[in-house]
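Shown next, in the form of structure tokens:
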């Protein structure tokens, strides 16, 4: 019994193998910006955010010019509105590939990831809203013997 007590005392003196790191750590570059890439369909967006007045720039143009449709602008604003950070960050993005809808989805995904790098405590509400999940839906490939991915050639009985 005394051996067990002595071995237990020896365990308490041991240090943990690795020092415990803080759970929430900001990931910022030298300029104090958070960087993330977002993807949707064939579009890839590179996003940088930093504290500011809420100005969003896409490919060196204001978001109102690049995404003229209000639905696309609303899609981009969703992560900021969910996190109650609307108008608190300046966002600069470069986006390429795909169409306008895919590009807007890629920018939204990138903004969500960059927000979690800047404020790690926002990860939970953004994850609940589904903003951090990469949408896996992409265009189905065309198959041989078919007109498109699933559409068959026109059939004639005679």
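In our numbering, the protein residues as written are 6 to 163.
Built from N, CA and C at the ideal position, the CB exists for glycine as well.
Computed from a predicted model, the values in this text were never measured in an experiment.
Check                                                                                                             : Outcome
Candidates 76, 78, 123 and 105, of which the one nearest residue 93 by Cα                                         : 123
Residue 155, buried or exposed, once every other Cβ within 10 Å from all chains shown has been counted against 16 : exposed
Bridge partner(s) assigned by DSSP for residue 94                                                                 : 56
Whether residue 68 touches residue 78 by CB criterion (8 angstroms)                                               : yes
Buried versus exposed, by CB contacts within 10 Å (16 or more), residue 84                                        : buried
DSSP-derived helix/strand/coil call for residue 101                                                               : strand
Reduced DSSP secondary structure (H/G/I, E/B, other) of residue 141                                               : coil
Coil, strand or helix - residue 149 by DSSP                                                                       : coil
Test item: CB-CB of residue 42 and residue 35 under 8 angstroms                                                   : no
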